[in-house]
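Report on the structure given below.
Number of protein chains: 2
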Amino acid sequence: MDDVFRAIADPTRRAILDELVDRDGQSLFEICSRLTMKHGICSSRQAISQHLDVLQGAGLVESRREGRFKFHFLNRKPLEQIARRWLRAQPRENNS
Amino acid sequence: MDDVFRAIADPTRRAILDELVDRDGQSLFEICSRLTMKHGICSSRQAISQHLDVLQGAGLVESRREGRFKFHFLNRKPLEQIARRWLRAQPRENNS
DNA sequence: AGAATAGGCAAGTATCCACTTGCCTGTCAA
DNA sequence: TTGACAGGCAAGTGGATACTTGCCTATTCT
Chain Z
489 MDDVFRAIAD PTRRAILDEL VDRDGQSLFE ICSRLTMKHG ICSSRQAISQ
539 HLDVLQGAGL VESRREGRFK FHFLNRKPLE QIARRWLRAQ PRENNS
Chain X
489 MDDVFRAIAD PTRRAILDEL VDRDGQSLFE ICSRLTMKHG ICSSRQAISQ
539 HLDVLQGAGL VESRREGRFK FHFLNRKPLE QIARRWLRAQ PRENNS
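Protein chains in written order, with our numbering: chain Z, 489 to 584; chain X, 489 to 584.
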């Protein structure tokens, strides 16, 4: 769970998640070019690849290799748990 | 919004939020001792104070000074927006 | 008044992390 | 089969950041 928070702390990784929401199953180069086009992010291929590793390590992204391509898929489950961590219970007022 | 993600990236700050969910309006020393007791976090008072500054900068915590005490209150609104960023739309499959 | 309590400020340190750089492997097309 | 394409590995670097250290202010209690 710690990995998930660390993963979404970086704005480039959040942009990657946004891109996968828009279109699931992209390859590394697709993601790179879309980040440049739509988000103005001009990081190198290697940088994005490392970001994808972090996202995968956090369970937010899964990947499948096909030939020379590697496709990346979004996994929402860890994000759903984040949402519920602090938003369920109402806090007790401190009356002491 | 960037500040919010950076703020919740740190495990100690997440523990502080957990503590404020459990009991809103705690002072700095209350938070320090509770972190030690319940979370095994043995950071110094200054460290926790700096964490509270970060949380406040992100709008996750508000504070009110009364005499020599400063009470800290949780603000859930930024967290609600996080939850809704990636969980609304279903991603389109890549059929190309 | 004097001591203890609650907290603040600022500089220094050490670690972490995003990114680069250079080179390598595997796949497909001409 | 040769070159272009898609991606991987690993070491190095610079900047961010969590934490410490030392000292200071303000408030409350005895």
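Built from N, CA and C at the ideal position, the CB exists for glycine as well. Every value quoted in this text rests on a predicted model; they were computed, and no experiment measured them.
Interface with chain Z (8 Å Cβ-Cβ cutoff): residue 493 of chain X is included. Only buried fits residue 513 of chain Z, as 16 or more other CB atoms lie within 10 angstroms of its CB.
Between the region 489-499 of chain Z and the region 530-547 of chain Z there are three or more C-beta pairs closer than 8 Å, enough to call the two in contact. Taking 8 Å as the cut-off, the Cβ atoms of residue 575 of chain X and residue 567 of chain Z count as close.
According to the DSSP secondary-structure assignment, residue 562 of chain X is paired through a beta bridge with X:549. Proximity of residue 536 of chain Z to chain X, defined by a Cβ-Cβ separation below 8 Å, is not satisfied. Within the model, the alpha-carbon separation for residue 572 of chain X versus residue 508 of chain Z is close to 15 Å.
Rounded to the nearest whole angstrom, the C-alpha separation of residue 506 of chain X and residue 501 of chain Z is 25 Å. If you ignore the 5 residues before and after residue 570 of chain X, its C-beta comes within less than 7 Å of the C-beta of 492, all in its own chain and listed in chain order. The beta carbon of residue 517 of chain Z sits closer than 8 Å to those of 533, all from its chain and outside the five residues before and after it, given in chain order.
By the rule that beta-carbons nearer than 8 Å mark a contact, residue 497 of chain Z touches chain X. Within the DSSP bridge table, the entry for residue 515 of chain X names X:559 as partners. Under a criterion of Cβ atoms nearer than 7 Å, the residues of chain Z adjacent to residue 490 of chain X are, in order, 499. Between the alpha carbons of residue 563 of chain X and residue 558 of chain Z lies a distance of about 41 Å. Interface flag for residue 505 of chain Z against chain X is set, since a Cβ pair is found closer than 8 Å.
For residue 504 of chain X, the enclosing alpha helix (DSSP H) stretches over residues 499-510.
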